[in-house]
Amino acid sequence: EEERQLQANNRDFNLQFEYANNSIKTSKYNFFTFLPLNLFEQFQRIANAYFLFLLILQLIPQISSLSWFTTVVPLVLVLAVSGVKDAIDDFNRHKSDKHVNNRPVQVLINGMLKDEKWMNIQVGDIIKLENNNFVTADLLLLSSSEPHSLTYIETAELDGETNLKVKQALTVTAELGEDLQKLTEFNGEVKCEAPNNKLDKFTGTLVLRGEKYALDNEKMLLRGCTIRNTEWCFGLVIYAGPDTKLMQNSGKTTFKRTSIDRLMNVLVLVIFAFLALMCLILAIGNGIWEYKTGYYFQVYLPWAEDVNSASYSGFLMFWSYVIILNTVVPISLYVSVEIIRLGNSFYIDWDRKMYYPLNDTPAQARTTTLNEELGQIKYIFSDKTGTLTQNIMCFNKCSINGKSYGDVYDLSGQRIEINEKTEKVDFSYNQLADPKFAFYDHSLVEAVKLNDVPTHRFFRLLSLCHTVMPEEKKEGNLVYQAQSPDEGALVTAARNFGFVFRARTPETITVVEMGETKIYKLLAILDFNNVRKRMSVIVRSPEGDLTLYCKGADTILYELLHSSCDALKEETTEHLNEFAGEGLRTLVVAYKNLEEDYFQNWIRRHHEASTALEGREDKLSELYEEIEKDLMLLGATAIEDKLQDGVPQTIETLAKANIKIWVLTGDKQETAMNIGYSCNLLDDDMEDVFIIEGSTSDDVFNELRNARKKMKPDSFLDSDEINIQFEKSSKNPKVIPDEQANGVYGLVITGHSLAYALEGNLELELVRTACMCKVVICCRVTPLQKAQVVELVKKYKKAVTLAIGDGANDVSMIKTAHIGVGISGQEGMQAVLSSDFSFAQFRYLQRLLLVHGRWSYIRMCKFLKYFFYKNFAFTLVHFWYGFFSGFSAQ
Amino acid sequence: MKNKSSFLPQEGEAHPSRCPDNSAFKQQKLPAWKPQLTIATVLSSFFLTGSFCLSVGVSLILSANSIREIQIDYSDKCSDCSKLRENSSNWNKECHCSVNFTLKEDILGDVFMYYGLQNFYQNHRRYVISRSDAQLLGRNVNIQKSYCAPFTTYRNGTPMAPCGAIANSMFNDTIDLFYNLNSSVIQVPLLKTGNSWWTDKNLKFHNPKSHNLSSAFAGTARPPYWQKAVYLLDEEDERNNGYVNDDLIIWMRVSAFATFRNLYRRVRRIRQFADGLPAGNYTFHISYNFPVTKFKGRKQVILSTVVWSGGNNPFLGIAYVFSGTAATLTGFVITAIHLKLRKKKTHFRK
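Residue numbers (full-length UniProt numbering), protein chains in the order written: chain A, 1 to 890; chain B, 1 to 350.
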């Protein structure tokens, strides 16, 4: 299936494609297939297969050196226990399948709403969902009870996030409302991509009465979500049953294996070879013995029937010895090791010292098989936001039109440290202010009150340019639902200074400006992504002015500014550096007045691009770039990002344990470095902190080489071990041994340079240089780059890596590293869901690695040593005895 | 995933805290003994183990050496007998021989008489399993199901009693001991019962129940190598006949090695033998039935006393001495390493 095509309310048409219906089957077996299928699955495990092989050997009377039930009893026991467990699991799955498949839902059939079971829903049906209902299948939202056909959903089952998300139908379908007549006549044709597992992406088009409309993820209700705060809504089934994104996402998870696992596999193979060798020696011994002694001893002990030569007896004895020496192969080891790991992970779950009382979160070992690897970590890759820092943002400073606000000065012009006694700004003039917001610089309020135009524009921008959802349950009690805490902080700031963002519809934004309600028409949202690093809105004010408001990262936005604001740019840059130097997160804001004609032209092309099926994103980003230029600089915002408790101490301890810490952050270089200093990663004792910020491949190469030259000049000599090694093996990826630098160094590399450094020919250079440094900070990196960096170290260093992060942008890194740790914190649950261990605070990492990791490793090693000792002691006695008992497998 | 996330919110209210219990087990604070290895503890344990093992080993060896033992290999001394036995068709021809020896000193205390076999693989796997314990318990069993093959039944279907290769190959020489005092020959009184283990005699071996022994074994036949049926093993003593015959019981307890000795008789301490065997000339009268030359085996008759540590077996003593020496030597090596390192260590300290 390459492309899905369907028509609403036309079952006959849709049936020809044979799309799956909405019944799901997660169960594996039925009554008759259970036994054969389950046994087949169980015998795929090497331990069971091995025992089966032994059993078959033992059933051959000439070979059997032990009675057959010594193998049958444990084997049957193991098979029975797993079989019963599988059966119960599958029974429960059957039950839950049945329950889910039989859930009722209202379907529109022949102009009537009929109660139908979930499993009878088909692609192209129109169904009605009510508040708190589970979404039946992947639906295209058609209309809902809420204004502008908004629908609120909770996606906890999909991604674990509990905040409400909002979906919105196309205007053209929203008109259908709950008019059954119209809905029945609705015959839109949908073309969309084939079923896939990308939860956050959907592309398709709806053709209705000859018009084409673009469909994207914003209009989709995915199975697994729950409808909230919405009385009813209608949806068109696009994917059903096993094709839904939820079902496509379930299942296959890649198993992470520890180095002990790999070592064990090698050992078991070696032991197999050893077993074969022992058996061979004994078999040959038996042949010789039977020839020289046994032949004559036949008076008292005749040879077994059909054994007529010493060599045949030796051949049989080989297999007899395979049976009798089978204990040397530690198959049961795998089971025992799993049990020990399970115990160790329970100890992690139970540890009170990793329990965070404030949000009632104990540590959790989500993967139970990686404990001992924790004690072997050499590289830690850490996210910054939410991991090292609390991800609690407060609007701290700003620069408006070349004037910096936020610091408090005393009468003599001296800057005062802000503490609890410092007088806060009084926002009582604003009824809608958030009482928790604190700001200390009175001059900014003065500026607002004096109707300073740039200041007003600055806050207007903050109140308009964002994607925050307001919730106003009681009059005047506003709560903002922000997807990123930065935005929440900015909108809250604007609110307190008198630009209250009050309500949002898809086409308007209501703002109370200094007590006066204004409704802006929202004409376009040029949304944020990791490449653009900026977002813009185009609004029409009640007065009729067209304005584009833009906020984004300074590096990006500075290139888009109009040349007339160069002077202002310099002042603002100064302020920005100052802010960044204090470890604040900065954004630059700018605006642009648009011409009516140009805008009409642009919006038409925008509409075309957004309905395109192919290359939609490229076309849109081209359009965005076209309009986001010649911006007028307004100023900059600075948001404080607080460090988590105990971070500097933890980092110091981990560094003492010779663990290298790499910080991978999306923040700008200054902010990242500042956080680096404040949490002891970088310090003044370091010989040097190299900054790699070249913008071409060659620059980066030279910078990296220079850094290495300084750290270890002899690494360029031909006599250097690694260089010799390179010469020998030119192409294959190899393991680079650790190199010792002549001091303590730090390295900071920007995402831009990193992109070059991660290219094939610079990879090695990067690894060699970076791994010599004690600390590496990568700033401005994308989620993909995070994963690439981890992959790079995994590839070239024979070291165990750990990635720790809290947000969706860390998921790829967490999945790539040997061990992923999720911070169960503010940014949602995705990181935790894909992690192997999770806890609430970065500082618990110390205990996890240095206590639990070490103990688990020690315990595992002791166990393994004992196990191998036991097996060998047990078996070698048999081997030895073979020489005394005529190699008869006694 | 599905179930987990859906019940989380409700659970939050039911349990106010997810804080783990503060129990010693869960917090890994159970009392534990974690010995700190210091040079003193390590060295002292090595030397203590070493000296303990050495002393035990030396005393074992000394006591084993105090054992008086006479061992006479008679497999060749009765050469005509051994030739005769090589041909199995002569199985019912009797063959006697006598072996003389001289005791220069008295053997005091209990004297045990053993027969010893060499190169007889009683530990071969197929030999070891070739028996029917149920039959030996006196039960009426179908020995076809046992591992007795090929000594299960005769061609005509008559089962062998007892069946199996072990029983069939039972040692059947008769050895008598005579004391030549001056010119008179006195037979040394020997005990043929009470030589087996109590558990074997009373628990593991029973005759089939019947009013007399020969009828109990009716319908069975003796194993092919036997000269007489099992109920004729000891016609003088009802309680030493059939399956509960001591010689049979001892033979059925197979040896772990191809060279072994089994207890045959004990000297009855009466009259001139009250203190043991006095010095003088003795003769073994042997009825030579058991062929060994066919499989290059040897057989001996042994007279020996026992001490507290058992019979004449120096192995335990040697093992103790060996491990004691190893521990002591290791102790010295560790001391040497320690002394060498201690000198160096001063350099490391700053």
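Positions of the beta carbon are idealized from the N, C-alpha and C atoms, including for glycine. A quick note: this is a predicted structure, and the numbers were derived from the prediction, not measured.
Cross-chain neighbours of residue i in chain A, by beta carbon under 8 Å
i	result
Asn-22(B)	Arg-352
Partner residues on chain B for residue i, Cβ-Cβ distance less than 8 Å
i	result
Tyr-321(A)	Within 8 Å Cβ-Cβ: nothing; Tyr-321(A) doesn't reach chain B, min ~10 Å.
Asp-349(A)	Pro-20
Tyr-296(A)	Lys-294, Phe-295, Lys-296
Alpha-carbon spacing of residue i relative to residue j, whole angstroms
i	j	result
Glu-41(A)	Val-230(B)	56 Å
Met-220(A)	Cys-550(A)	28 Å
Thr-503(A)	Lys-98(A)	The sequence shown places Ala at residue 503(A), rather than the Thr named in the question. Straight-line Cα distance between these residues: approximately 43 Å.
His-442(A)	Ala-433(A)	16 Å
Glu-791(A)	Ile-651(A)	23 Å
Leu-15(A)	Asn-9(A)	11 Å
Phe-839(A)	Phe-274(A)	44 Å
Lys-815(A)	Ala-638(A)	32 Å
Asp-306(A)	Tyr-312(A)	9 Å
Met-170(B)	Leu-30(B)	59 Å
Glu-703(A)	Gln-669(A)	16 Å
Lys-95(A)	Glu-614(A)	42 Å
Where residue i meets chain A, residues with beta-carbon distance less than 9 Å
i	result
Cys-19(B)	Arg-352, Tyr-355, Pro-357, Asp-360, Pro-362
Phe-257(B)	Phe-884, Ser-885
Lys-145(B)	Within chain A, no residue comes near Lys-145(B); the closest Cβ sits about 13 Å away, beyond 9 Å.
Lys-34(B)	Simply none; closest approach about 11 Å.
Closer than 8 Å to chain C by CB, residue i
i	result
Asn-123(B)	Here chain C cannot be found, since the structure's protein chains are A and B.
Beta carbon of residue i nearer than 8 Å to that of residue j
i	j	result
Lys-165(A)	Thr-173(A)	no
residue 905(A)	Cys-565(A)	Examination of residue 905(A) is not possible in this model, given that chain A is present from 1 through 890 alone.
Ile-143(B)	Ser-130(B)	no
Val-75(A)	Phe-91(A)	Position check: residue 75(A) holds Leu in this sequence, whereas Val was assumed. No, the pair does not count as a contact, with Cβ atoms beyond the cut-off.
Met-772(A)	Ala-803(A)	no
Ala-553(A)	Lys-521(A)	no
Leu-301(A)	His-124(B)	yes
Arg-228(A)	Tyr-152(A)	yes
Val-793(A)	Leu-747(A)	no
Val-307(B)	Ile-67(B)	yes
Ser-856(A)	Leu-374(A)	yes
Tyr-114(B)	Arg-261(B)	yes
His-148(A)	Thr-505(A)	yes
Assigned secondary structure, residue i (DSSP; H/G/I helix, E/B strand, else coil)
i	result
Pro-454(A)	helix
Asn-871(A)	helix
Lys-93(B)	coil
Trp-662(A)	strand
Gln-788(A)	helix
Phe-120(B)	coil
Phe-437(A)	coil
Ile-519(A)	strand
Lys-343(B)	helix
Tyr-19(A)	coil
Cys-394(A)	strand
Val-468(A)	coil
Chain-ordered chain B contacts of residue i [CB-CB under 9 Å]
i	result
Ala-304(A)	Arg-126, Ala-149, Pro-150
Neighbouring residues, chain A, relative to residue i (Cβ below 7 Å)
i	result
Ala-165(B)	Tyr-300, Leu-301
Ser-169(B)	Tyr-300
Phe-217(B)	Result: empty, since nearest Cβ-Cβ is about 23 Å, beyond 7 Å.
Lys-26(B)	Trp-350
Contact test: residue i Cβ vs the ligand SAH heavy atom, cutoff 7 Å
i	result
Leu-55(A)	Among the components of this structure there are no ligands whatsoever, and the ligand SAH is therefore not found.
Handout entry: Where the UniProt domain "P-type ATPase C-terminal" (832-890) of chain A meets chain B: residues whose CB sits under 7 Å from a CB there
Key = Phe-884, Ser-885, Gly-886, Ser-888, Ala-889, Gln-890
Practice task
Check distances from the C-beta atoms of the segment 100-133 of chain B to those of chain A and list, in chain order, the residues that come in under 8 Å.
Solution key: Asn-119, Phe-120, Tyr-121, Asn-123, His-124, Arg-125, Arg-126, Tyr-127, Val-128, Ser-130
Practice task
Could you name the residues of the segment 287-299 of chain B whose beta carbon sits closer than 9 Å to any beta carbon of chain A, in the order they occur along the chain?
Solution key: Pro-291, Lys-294, Phe-295, Lys-296, Gly-297
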